[in-house]
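Under the numbering used here, the letters of the sequence shown match residues 29 to 368, in that order. Where is the CB? At the ideal position from N, CA and C, for every residue including glycine. If you're wondering where the values come from, they're calculated on a predicted model, not measured in any experiment. Data block below; observations after.
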Amino acid sequence: MLKYVIIAILLVTSSTSVSGSWKLLGLNISPQWLQPHEYESYADEILGLGPSIVRWNFNIDPFSGHVLDPVTWTPVDFQSRYVPLLNAFSARGIEVSIVLIVGRQQIDDAKHGHYSFDYLGKVYADTCAQITRDWLIPSGIRNVELGNEYNDDASWPDPYSNKMQSAQQYMKMLKPAYTAVKSEYNKDGGYSHVMMMGLAMCDSNYLNALYLNGLQSYTDKINFHPYDFDDTVDNIGPKVNEMLTVMRRYGDGDKQIWLTEYGAQATPGNQYETDNQAVFVRTSIRTIHVWTPQVQRAFWFNLQDFMNGDMPVQYGLKDLNFNRKPSYQAFIEQAAEGDS
C-alpha cells in the first residue's frame, strides 16, 4: 500500500519585489503540473500577480523520502524536476517556505492499528527533519506548516464528533515534528516559523482541543482556513475573534495568525458570481488589515480552478481553460494596494 506525505510549498516574495497589501495577500498555486520549459514564464506570471506569499503542493513518500509525481504517484527527481523552478523564483526575489501534510491513508492505517500514532509521529518527524535539512535550509526556506485540515473528516478518517481524540492523535504527530524541524533550524541559525496544520474553517472547538493537548508550545503561528467567511466581509472580524478568544484563554493572545486558505467560488459565465468574487478579493484583504491586525498572512485559494473527481472547484482566478476571471485583475490591483 502506498504511503505518502503531501507537501505544500509557500513562496514568500521578498520586499525587493513586492510592496502593497500590507504584506498580507497570498495565493495558492499548483505548479507541479508544469514542465520545466514552462517554469520561466510561470515565474513571471506569479511575479506579475504580486502576492506576498504563494502556496504549492507536493507529494512525498515519508519512508523513502522521495517526491512523488502528482498523477502517477511514482518517484521523481526533485533536483532536476523542481529545483529549476525554485531557481526561477529565487532569481525574481521569491523566497520559499513549505507545508508538510501526512496522507489520509497513513492516518487511517494508524487508526486501524497497523502502527501507532507514536510511530507515525516519529516517522513524520524524521521525514520533516530530513526534508528541512537536505532541501529547505539549503534553499533558504524558513517557514514550515505541519499538516492540513485534520479537523475535517475528508482529511482525517474519523467523525467530527471525535474531535478530542483526533486532536490528541494529531498532537502525537505535531510535537515530534515541530521539535525536529525547529532543531534543524536552530542548528543553522537565523529565524524560522514552524506551525500547526491549517484548520478547516474557524473551528474554535477543535482549536480548544488542540490547546488542551499542548498546542501552545508546538506552533509559532495559529493557522486556519476561514471559508466560513461565506464571501462576506462582515463575517471576518467576528469569525477571527472566535479563534482569538480561544488563543487568549491559553495565553496565546499575542501570537500571529496565518490564514493559509480562503476564497469565494465563481462559476465561469455566471456574471453575478464572477463579479462577487472580484469584489471579495478587494474587500476581504482590506477588512482583514483593518479589523484583524494579528493576521500576518492571508492566502487566496486558488490561482486556477481544478477538478475534484467529477466536480469542478471554482475558487480560481482562472478557469479550467486558463481564461482569466475578473478576480485575476482584481488580485493584481489589490496586491499593489497598501503600504510597503
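Query: Taking only the alpha-carbon atoms, compute the straight-line gap between F145 and A138 and give it to the nearest angstrom.; Result: 6 Å
Query: Please classify V130: is it buried, with 16 or more other beta-carbons within 10 angstroms of its beta-carbon, or exposed?; Result: buried
Query: According to DSSP, simplified to helix, strand and coil, what is G226?; Result: strand
Query: Can you tell me which of the three DSSP states S45 falls into?; Result: For S45, the predicted model reports a pLDDT of 42, less than 50, meaning its position is unreliable; a value from the coordinates is still stated below. Note: S45 maps to coil in three-state DSSP.
Query: Taking the CB atoms as reference points, tell me whether Y343 and A292 lie closer together than 8 Å.; Result: yes
Query: Can you tell me where the beta strand (DSSP E) with L324 in it begins and where it stops?; Result: According to the sequence shown, residue 324 is Gln rather than Leu. From DSSP, the beta strand (DSSP E) with Q324 extends over 323-328.
Query: Considering only C-alpha positions, which residue in the set K210, E177, W61, T207 is nearest to S194?; Result: E177
Query: Considering only C-alpha positions, which residue in the set M192, F350, A182 is nearest to N336?; Result: A182
Query: Using 8 Å as the cut-off, can you tell me whether the region 274-293 makes contact with the region 320-327, which would need three or more C-beta pairs spanning the two stretches below that distance?; Result: yes
Query: Of the residues F91, S69, H253, which one's Cα is nearest the Cα of Q134?; Result: F91
Query: How about G175 and M224: are their beta carbons less than 8 Å apart?; Result: yes
Query: Just confirm the distance between the C-beta atoms of I77 and I360, as a whole number of angstroms; I'd bet it's less than 8 Å.; Result: Going by the sequence as given, residue 77 is Leu instead of Ile. Correct: roughly 6 Å between the Cβ atoms.
Query: If contacts are defined as beta-carbon pairs under 8 Å, then L55 and H317 qualify, I think. What distance do you get, rounded to the angstrom?; Result: Between H317 and L55 the Cβ distance is about 17 Å, and since that is not below 8 Å, they are no contact.
Query: Might you give, ordered along the chain, the residues of its own chain that have their beta carbon closer than 8 Å to the beta carbon of V341, omitting 5 neighbours on each side?; Result: Q293, N330, D333, F334, M335
Query: Mind checking N236: buried by the 16 CB within 10 Å criterion, or exposed?; Result: buried
Query: From this set, I74, S118, Q60, Y234, which residue's C-alpha is nearest D105's C-alpha?; Result: Q60
Query: Taking only runs that begin and end inside the region 159-229, name each unbroken alpha helix (DSSP H) of 4 or more residues, in chain order.; Result: 191-216
Query: What are the start and end residues of the alpha helix (DSSP H) that includes T260?; Result: From DSSP, T260 is part of no alpha helix (DSSP H); its letter is neither H nor E.
Query: What did DSSP end up calling H140 once you bin it into helix, strand or coil?; Result: coil
Query: Check H253 in the structure and name its three-state DSSP category.; Result: strand
Query: Classify T102: buried if its beta carbon has 16 or more other beta carbons within 10 angstroms, exposed otherwise.; Result: exposed
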